[in-house]
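Peer 1:
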Amino acid sequence: MRSPRLPVGDAEPQAPVEREVPPLVSIEPAILPSRDPRPDHDRRVAFAERGFSDVDAEPPERLTHLLSTVVEPWAKAPPD
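Start counting the sequence shown at 65; every next residue gets the next number (this note's numbering).
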């Protein structure tokens, strides 16, 4: 199946369309507690603003389960 052809010479040439390119989005680096020069309270506030939980909070249940089923038995196993 052929596509329909446009008439040649009848249409006036058009200037190329200039499109505005959005600026690149800058991604803020994560705040690492060891490198953050701010006091401890300010660091916790910064983590909370980015959606992280409090650094002193209890570990989630999944992490506790992972520690008890994988990490601790592996650490207690005798070396090969």
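Backbone N, C-alpha and C fix where the C-beta goes; we use that ideal spot for every residue, glycine too.
Under DSSP, the alpha helix (DSSP H) around P137 begins and ends at which residues?
Peer 2: Start and end: 136 to 140.
Peer 1: Within the continuous alpha helix (DSSP H) that includes E82, where are the two ends?
Peer 2: Premise fails: E82 is in no alpha helix (DSSP H) and is neither H nor E.
Peer 1: How big is the Cα-Cα spacing for V85 and V109?
Peer 2: Roughly 35 Å separates the two Cα atoms.
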